[in-house]
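Taking it in order: structure first as structure tokens, then the write-up.
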Amino acid sequence: MLKITAARVIVTCPGRNFVTLKIETSDGVHGIGDATLNGRELSVVSYLEDHVCPLLIGRDAHRIEDIWQFLYKGAYWRRGPVTMSAIAAVDTALWDIKAKVAGLPLYQLLGGASRSGVMVYGHANGADIEETVAEAVRYKDMGYKAIRLQTGVPGLSSTYGVSKDKLFYEPADAALPTENVWSTSRYLPTVPRLFEAARKVLGDDIHLLHDSHHRLTPIEAARLGKDLEPYRPFWLEDVTPAENQASFRHIRNHTTTPLAVGEVFNTVWDCKQLIEEQLIDYIRTTIVHGGGISHVRRIAHLAELNNVRTGFHGATDLSPVCMGAALHFDLWAPNFGIQEYMRHTPETDAVFPHAYTFASGDLHPGETPGHGVDIDEALAAKYPYRPAQLPVNRLEDGTLFNW
Ligand code: KDG
Ligand code: MG
Numbered sequence: 029m030l031k032i033t034a035a036r037v038i039v040t041c042p043g044r045n046f047v048t049l050k051i052e053t054s055d056g057v058h059g060i061g062d063a064t065l066n067g068r069e070l071s072v073v074s075y076l077e078d079h080v081c082p083l084l085i086g087r088d089a090h091r092i093e094d095i096w097q098f099l100y101k102g103a104y105w106r107r108g109p110v111t112m113s114a115i116a117a118v119d120t121a122l123w124d125i126k127a128k129v130a131g132l133p134l135y136q137l138l139g140g141a142s143r144s145g146v147m148v149y150g151h152a153n154g155a156d157i158e159e160t161v162a163e164a165v166r167y168k169d170m171g172y173k174a175i176r177l178q179t180g181v182p183g184l185s186s187t188y189g190v191s192k193d194k195l196f197y198e199p200a201d202a203a204l205p206t207e208n209v210w211s212t213s214r215y216l217p218t219v220p221r222l223f224e225a226a227r228k229v230l231g232d233d234i235h236l237l238h239d240s241h242h243r244l245t246p247i248e249a250a251r252l253g254k255d256l257e258p259y260r261p262f263w264l265e266d267v268t269p270a271e272n273q274a275s276f277r278h279i280r281n282h283t284t285t286p287l288a289v290g291e292v293f294n295t296v297w298d299c300k301q302l303i304e305e306q307l308i309d310y311i312r313t314t315i316v317h318g319g320g321i322s323h324v325r326r327i328a329h330l331a332e333l334n335n336v337r338t339g340f341h342g343a344t345d346l347s348p349v350c351m352g353a354a355l356h357f358d359l360w361a362p363n364f365g366i367q368e369y370m371r372h373t374p375e376t377d378a379v380f381p382h383a384y385t386f387a388s389g390d391l392h393p394g395e396t397p398g399h400g401v402d403i404d405e406a407l408a409a410k411y412p413y414r415p416a417q418l419p420v421n422r423l424e425d426g427t428l429f430n431w
């Protein structure tokens, strides 16, 4: 038995907030898991500190599945982003411990590498089409094989995905939510123009992606999908809010543009219909918000049976700990598709030393036993928590809309 002797939550803000769970064992081996839920960080801290950590002490760290079931079924209140982020942190830390004890990188415990590296996509964005395409050229020159394109929309003062700092996008920019303004009729003609311009400059030998960030109705999404078909996008993401899974049937019936969904999902139940009816092509639910490796593995297996591939969320608000664990998963998963890679700032990278590396458009998780990411607690303590929330969106007439 490998006894859990301590479970502590570490909150740090090296430019943005991150929540990390550290589990220690009787053998001196420790593991860490990401528990960051952007804009709602302290609710997960409380869930862990008040309700989960006390239950872990004295349990056998090797019994990952039993602990997962205990936390999921034992709470009575199942699912939800707070619960599942907390469970994910425990699960990730326990997989880290098991792999360290085995002396193996985590991907070996999952079944070994299925590929030599993990293809990632970077984020090119700009105030207008010209600037976005120039950014995309810069990403191509850095070796990226896949690039997400987001551009400012004429007539709107701010747009999702368009950042001030080009490498590090941070939407949680204020203690109280910033208010953005949205217009679907201004947005819809802009994206095909962006893709047309990008294909002309970048050529055919690069994957291009776009995120609509939950802002369209199904029929508007179908129109955008059709308009983008000539430019062969790799995917169109989060076209419409996905609580209503059946609404994707309308979109699917109208367009062959591949669809990606799921960064806000937290269990297999959120995407069961989408996957079983093959209404999407990529599932984006990643380790930190999807109940950890143990549960995301269930989602990936269901997806594999239905020709859906993985395309994990990897924005800056998912800590390097989540990225490390996700990369081991990606290297193994038979139905891996692509991994999002929004770089962390140098301050964040220093707090979370990691084994993963970028080369020629791929990330590799490295060969360090465990998931290969640690936390420098002394450095982390120098960056105290700062309240920061995600923006909200209003239509031009003031109606509150989806951000
Ligand atoms: O916390 C919210 C961000 O992670 C999200 O807005 C980023 O949509 C996103 C993406 O695709 O990376
Ligand atoms: Mg997204």
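Note that the numbering used here numbers the sequence shown so that position 377 is 405, with each residue one more than the last.
All residues carry an ideal CB built from backbone N, CA and C; glycine is no exception.
All values reported here derive from a predicted model rather than from experimental measurement.
Taking the CA atoms as reference points, G318 sits about 22 Å from E198. Approximately 5 Å separates the beta-carbon atoms of A408 and V379; this is inside 8 Å, confirming the contact. With respect to the 7 Å criterion, L49 and A34 are not classified as neighbours on the basis of their beta carbons.
Leaving aside the five residues that flank A117 on each side, the residues in its chain whose CB is nearer than 7 Å to its CB run, in chain order, L49, G61, D62, A63, L76. Taking 6 Å as the cut-off, the C-beta of N421 does not count as close to any heavy atom of the ligand KDG. Here the C-alpha atom of G365 lies approximately 15 Å from the C-alpha atom of H238. Judged by beta-carbon spacing, I303 lies within the 7 Å limit of N334, meaning their Cβ atoms are closer than that value. F357 and E424 have their alpha carbons spaced roughly 42 Å apart. The straight-line gap separating the alpha-carbon atoms of A249 and D124 is approximately 40 Å.
DSSP lists G150, L236 as the beta-bridge partner residues of I175. Where G102 is concerned, the enclosing alpha helix (DSSP H) starts and stops at 92-102. Remark: C-beta atoms of K128 and G398 approach each other more closely than 7 Å. In this structure, the alpha-carbon of E93 lies about 7 Å from that of S322.
Remark: the C-beta of A174 is outside contact range of the ligand KDG, defined as less than 6 Å to any heavy atom.
Exclusion of the five residues before and after H241 leaves Y188, D266 as the residues of its chain whose Cβ lies within less than 6 Å of its Cβ. Every alpha helix (DSSP H) stretch that sits fully inside the segment 397-429 and reaches 4 residues is listed by chain position as 405-408. Less than 7 Å separates the beta-carbon of P42 from that of E375. Judged by the Cβ position, A343 qualifies as a neighbour of the ligand KDG at the 6 Å threshold, a heavy atom of the ligand being closer than this. Of the candidates H235, Y259, V229, the residue whose Cα lies closest to the Cα of P220 is Y259.
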